[in-house]
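Working notes for the structure below.
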Amino acid sequence: MGVLHQARHVLVTVGVLISTLGVALSGCTVSPPPAPQSTDTTHVTPPPPPHPTQIIMGIDSIGAGFNPHLLSDLSPVNAAISALVLPSAFRPVPDASSPTGSRWEMDPTLLVSADVTSENPFTVSYKIRPEAQWTDNAPIAADDFWYLWRQMVSQPGVVDPAGYDLITGVQSLEGGKQAVVTFAQPYPAWRELFNNLLPAHIVKDVPGGFAAGWPARCLSPGAVPGGEHRPAARRDPDRPQRPVLGAACQTRPDPLPAGRGTRGAGRFGA
1 MGVLHQARHV LVTVGVLIST LGVALSGCTV SPPPAPQSTD TTHVTPPPPP HPTQIIMGID
61 SIGAGFNPHL LSDLSPVNAA ISALVLPSAF RPVPDASSPT GSRWEMDPTL LVSADVTSEN
121 PFTVSYKIRP EAQWTDNAPI AADDFWYLWR QMVSQPGVVD PAGYDLITGV QSLEGGKQAV
181 VTFAQPYPAW RELFNNLLPA HIVKDVPGGF AAGWPARCLS PGAVPGGEHR PAARRDPDRP
241 QRPVLGAACQ TRPDPLPAGR GTRGAGRFGA
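First residue of the sequence shown: 1, per UniProt numbering; consecutive thereafter.
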């Protein structure tokens, strides 16, 4: 009996130890983290910012005329507006490495290219963008180059006529979309010519012509739209410019006399 009692006591003791050890081990077991919850994130693409289509300019008066090529019409206001609304072959851009502090770069909204194509005689070819036109749908063409040249050498009181007096002719090619300008001698500053072009098909028939100035009534009232050809030109960086004419000047007069600026092929001399 003593032996059985001792054996039973040992078994009970071992059972208690095993139970205690099991509890202890279970208390040390690390529970796995909960499974990550799947959440669907909705990505909302913000709308693009509105594309500006106008430049609103507030001024007291533009004066009776708006011809940036006439000393009588020249003013800081007119110079600033003409730079915004009139097409130019080249435009000055800041350049610290240049002795003048700027250089002249081709305006790609008007021209496809502008290059010296001959040295004898000195010749510059301007290729005008096919879609470049005024807002009355008249194309910007070699006529406009020819007209500005002729006025700059024949009218008194013009601004910066240097270089125009060296031109001997303007030839219209490719339906008026290429102006080939010949010079009597090489002219290194040729890029500074043909800025602030005027719509020849309108200005030539304004009473008083070029000398009377580009009438202020030819500007769209209230706003000067801003980037396609620039009076006033819509400025859209994704498209070529398009000058906006006031309603009073949106007419289609007869074309220039034959041989003096027709939009077909031809040569316009002095």
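Glycine included, C-beta positions come from ideal geometry on N, C-alpha and C.
Span of the beta strand (DSSP E) around residue i
| i | result |
| --- | --- |
| I167 | I167 to L173 |
| V158 | Note, V158: premise wrong, no beta strand (DSSP E); not H, not E. |
| P92 | F90 to P94 |
| T45 | Run containing T45: none; DSSP gives neither H nor E here. |
| V116 | L111 to E119 |
| Q178 | Q178 to F183 |
beta-carbon residue i near the ligand ZN non-hydrogen atom, thresh 8 angstroms
| i | result |
| --- | --- |
| I59 | The ligand ZN is not among the ligands present in this structure, which contains no ligands whatsoever. |
Nearest neighbour of residue i, chosen from the options [CA to CA]
| i | options | result |
| --- | --- | --- |
| E192 | G208, P161, K177 and A212 | P161 |
| W190 | L198, S72, P207 and E119 | E119 |
| G157 | T42, G58, I59 and S72 | S72 |
Euclidean distance between Cα positions of residue i and residue j
| i | j | result |
| --- | --- | --- |
| C249 | N67 | Only weak support exists for where C249 lies, its pLDDT of 49 falling under 50; the coordinates are left without a value. |
| S154 | F194 | 15 angstroms |
| S88 | H201 | 17 angstroms |
| P207 | D107 | 31 angstroms |
| L110 | A212 | 26 angstroms |
| H51 | K127 | 29 angstroms |
| N78 | I59 | 10 angstroms |
Neighbourhood of residue i by C-beta distance below 6 angstroms, restricted to the same chain and skipping five residues each side
| i | result |
| --- | --- |
| T117 | T123 and S125 |
Beta carbon of residue i nearer than 9 angstroms to that of residue j
| i | j | result |
| --- | --- | --- |
| A132 | S172 | no |
| V181 | I167 | yes |
| F145 | L197 | yes |
| V112 | R129 | yes |
| A86 | V159 | Going by the sequence as given, residue 86 is Leu instead of Ala. Cβ atoms of L86 and V159: not closer than 9 angstroms. |
| W134 | P199 | yes |
Extent of the continuous alpha helix (DSSP H) to which residue i belongs
| i | result |
| --- | --- |
| L148 | A142 to S154 |
| V203 | A200 to V203 |
| I81 | P76 to V85 |
Chain-order list of residues whose beta-carbon lies under 7 angstroms from that of residue i (same chain, five-residue window excluded)
| i | result |
| --- | --- |
| A80 | none |
| L93 | It should be pointed out that residue 93 corresponds to Val in this sequence rather than to Leu. Closer than 7 angstroms at Cβ, skipping near neighbours: S102, R103 and E105. |
| W149 | Y164, I167 and V170 |
Same chain, Cβ closer than 8 angstroms to residue i, neighbours up to 5 away in sequence not counted
| i | result |
| --- | --- |
| D115 | V124 and S125 |
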